[in-house]
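So the sequence shown is numbered by our numbering: it starts at 47 and just counts up by one.
Where is the CB? At the ideal position from N, CA and C, for every residue including glycine.
All values derive from a computational prediction rather than experimental measurement.
Here is the structure we will look at, set down as structure tokens.
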Amino acid sequence: MVSLYGHILPLLATLVIWFVSTGLIAWLDNRPRETFSRSLIGAAIAGMAGLVIVVISTQYATIGAAYAAMAGALMIWAWHEMSFLMGAVAGPRRGPCPEGAKGWRRFVQAASVLIYHEIALAVTALILIGLSWGAPNPTGAMVFCVLLVMRLSTKLNIFAGVPNMSDEILPPHLGYLKSYFGPRRLRLWLVVSLCAAVALSVWLGLRAFAAPADSFAAASASLVFGMAVLGTLEHLFLALPFRDGALWGWALPGRTKRLKI
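Spelled out as structure tokens, the structure:
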């Protein structure tokens, strides 16, 4: 049975936190580069605080602890995203794709642009899984892992080529990343990825709605389900003629005119 505290509020909280945090990151990443050092210090402090929150929350199977774990996981995720978008942790390559690069060579060149970032995310996921293994509340690790899988799938699809790529909120100093984007056309990999994302979301949704009403299990599963749904929508936007970058025009006042649906 659908309940207010076990299902509806967790889903709304996931949507609001995702929307606001993404806009905040976009705003910080598009500010003058001389502000990056201060932003990265703040993000590092927030990331460390998020890790502490996740670790403490693993010991409490309450609705409040589920929210805290999700918030902590998103704080850690934001730290990683900002470190990449601001150039602190990316990869050994910091330039456009070489002319004529195809196949495996193109993949290696693309991977070298962000490999350190991907390794950092994978290591963090393993740490969170280890810290949450067998604990009463593994919500934080689950949220982070869903984000990791969905975002990695999105990156691979953009590399292969998708019909719609909203790159408006990409910071100017990372404009060279566009040279690694594949052609604008629908590929089988996107269809398969979208079907897999839908299947994961349905499975997580069934787990959430099968849990007792207004319980920790329902809230925890709904928070993870909400993240999976947002990841699925991100995949869907890659196939539809919808400029999802327009959602964060409020965070980029100087570039709002470019962000049109």
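Task: Alpha carbon of L257 to alpha carbon of K148, nearest angstrom - done: Looking up residue 257 in the sequence shown gives position 211. Looking up residue 148 in the sequence shown gives position 102. The residue asked about is misnamed: residue 257 is Ala in this sequence, not Leu. When the Cα atoms are used, A257 and K148 turn out to be separated by approximately 49 angstroms.
Open item on the list: Just to confirm the assignment, what range does the alpha helix (DSSP H) spanning Y162 have?
Closed with: Mapped onto the sequence shown, residue 162 falls at position 116. 149-178 is the span of the alpha helix (DSSP H), which, as asked, contains Y162.
Task: Coil, strand or helix - F227 by DSSP - done: Locating residue 227 in the sequence shown gives position 181, where the first residue counts as 1. F227 carries a coil assignment under DSSP once its states are collapsed to helix, strand and coil.
- [ ] Whole angstroms is fine: what's the gap from I99's alpha carbon to W123's?
- [x] In the sequence shown, the residue the question calls residue 99 occupies position 53. In the sequence shown, the residue the question calls residue 123 occupies position 77. Looking at the two C-alpha atoms, the distance is approximately 13 angstroms.
Open item on the list: Pop quiz: V30 and M273 are said to be a contact at Cβ under 8 angstroms. What is the actual Cβ separation, rounded to whole angstroms?
Closed with: The displayed coordinates of the chain run from 47 to 307. Any statement about residue 30 would go beyond what the structure contains.
Open item on the list: Going by C-alpha to C-alpha distance, which of V62, S212, E164, L57 sits closest to V135?
Closed with: Here residue 135 is taken as the residue at index 89 of the sequence shown, counted from 1. Among V62, S212, E164, L57, the Cα nearest to that of V135 is on E164.
TODO: Taking 8 angstroms as the cut-off, decide whether the C-beta atoms of S266 and T170 are in contact.
DONE: Position 220 of the sequence shown, counted from the first residue, corresponds to residue 266. Position 124 of the sequence shown, counted from the first residue, corresponds to residue 170. No; because the gap between Cβ atoms is not below 8 angstroms, this pair is not in contact.
Open item on the list: In whole angstroms, give me the CA-to-CA distance for L202 and Q105.
Closed with: Numbered from 1 along the sequence shown, position 156 holds the residue referred to as residue 202. Numbered from 1 along the sequence shown, position 59 holds the residue referred to as residue 105. The alpha-carbon of L202 is positioned some 36 angstroms away from that of Q105.
Open item on the list: Ignoring anything shorter than 4 residues, give me the alpha helix (DSSP H) runs that lie fully in the stretch 67-113, in order along the chain.
Closed with: Runs found: 82-103.
Task: 8 angstroms Cβ cutoff met for R79 and H219 - done: As a working note, residue 79 is residue 33 in the sequence shown. As a working note, residue 219 is residue 173 in the sequence shown. Yes, they are a contact pair.
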